Amino acid sequence: MKKTIIASVMLAAMLLAPALAGAGILIDRVVAVVNDEAITWGELYSAMEFELARQMKSLSVEQKKAIFEENETSFLEQMINVKLQLQEAKKLGLKVGDREVDAAIDGIKSKYSMSDEQFAEAIANEGMDVNEYRQRLRDQLLINKVLDVQVRSKLAAPDEKGDSGDAYLRLRQIFIAKGPGAEEKAQAVMAEIKAGADFAELAGKYSEGPLAASGGDLGQVQKSTLSKEFADALSGLGPGDVAGPFETSKGIHIVKDEEKTNIADSDAEKRFVEAYSDWLRRLREKSFIEVRL
């Protein structure tokens, strides 16, 4: 499981004070200001201590100090970028609900076949409690949302019959198995969608498919590989549109077209990285950033 940058400032102070006692650095001094928010020395060094813990396990105090000094600039830049993206999400009024966090955690536990107790133990081994982990995960999901709005949704896509290759769709699905009340359940879900409910949250709550825990995310799907039922239902659909309910031999489907591209996965990733880097550069240019290292 990928580590997250989170730990308490007091813990960092206790861990690092012996190594830096003679360095003349105040634990709580501000090392950067990002618009109207500050990043403290303690936050920066707790992040480094957490991320580099295994690398430094058998090192001496002086060796640890040297590694911290070598990495503090790059770590601070990462923290500034994260704070800028969270601030942008707040400006746009974006939020991540508890159900979305629950669905993401359920997906992690399912992927690694972990019980609630095993999950809590794994989090504790990383130096966090469940509440700290939930907050970090909430921030990650929120950043993903702001990237959906500000980057992914604005990527230009060639015409579907252009020379760039077969079309790809990025889809989410709510799947309902056939049986008594299935059609009524599907119609009730559609009513919530039309009322403005978040599709991913609804997928986590109602979908009976294996991807419910991830908000029904099917990822990028090559259009030419879709079954006839899916292809017909999705015909003419644009990014953000929802198709369904429609039936296949497997059950009832409600599908959302998150985005459409006409490029292979590697090209799509390259385009995203370029667009993200450009957006982040412009975000930094319009923001007030003062580094005080």
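In the working numbering, the protein residues as written are 4 to 296. Just so it is clear, CB atoms sit at the ideal spot from N, CA and C, and this is done for glycine as well. Since this is a predicted model, take the numbers as computed values, not measurements.
According to DSSP, residues forming a beta bridge with residue i
i: R139; result: According to DSSP, R139 bridges with nothing at all.
i: L174; result: G222, D260
i: V37; result: E40, I292
i: I108; result: DSSP lists no partner for I108.
i: I179; result: I255
Cα-Cα separation, residue i to residue j
i: A56; j: V85; result: 21 Å
i: E272; j: Q121; result: 34 Å
i: D270; j: E232; result: 28 Å
i: L174; j: R32; result: 46 Å
i: A107; j: G130; result: 20 Å
i: K98; j: L237; result: 28 Å
i: A294; j: E46; result: In the sequence under discussion, the amino acid at residue 294 is Val, which differs from the Ala named in the question. For V294 and E46, the distance between alpha carbons rounds to 14 Å.
i: P21; j: V133; result: Because P21 sits at a pLDDT of 37, beneath the cut-off of 50, its placement in the model cannot be relied upon, and the point is left open.
i: D119; j: G218; result: 20 Å
i: R139; j: L89; result: 11 Å
i: E54; j: P213; result: 32 Å
i: I111; j: S77; result: 29 Å
i: G247; j: M193; result: 8 Å
i: V276; j: D109; result: 28 Å
i: E65; j: Q81; result: 25 Å
i: G199; j: F249; result: 20 Å
i: S290; j: R274; result: 24 Å
First and last residue of the uninterrupted beta strand (DSSP E) at residue i
i: E211; result: E211 -> no beta strand (DSSP E), and no H or E assigned at all.
i: G247; result: 245–250
Where the alpha helix (DSSP H) containing residue i begins and where it ends
i: V192; result: 185–197
i: E124; result: 119–128
i: A200; result: Careful: A200 lies outside any alpha helix (DSSP H) and carries neither H nor E.
i: M82; result: 64–94
i: G235; result: In the sequence as displayed, the identity of residue 235 is Asp instead of Gly. Unbroken alpha helix (DSSP H) run through D235: 231–237.
Cβ distance (whole Å) where residue i is taken to contact residue j below 8 Å
i: A216; j: S113; result: 5 Å
i: L144; j: A278; result: Contact flag wrong, Cβ pair sits at about 20 Å.
i: L296; j: L79; result: 6 Å
i: A125; j: M117; result: 7 Å
| the region 193–208 touching the region 225–232, judged by at least three CB pairs closer than 8 Å | no
| said: Does the structure place the region 249–260 close enough to the region 178–192 that three or more beta carbon pairs sit under 8 Å? | reply: By the criterion of at least three beta-carbon pairs nearer than 8 Å, the region 178–192 is in contact with the region 249–260.
| task | Would you be able to state if there are at least three C-beta pairs under 8 Å between the region 55–75 and the region 86–96? | result | When Cβ pairs closer than 8 Å are counted between the two stretches, the region 86–96 is seen not to touch the region 55–75, the count staying below three.
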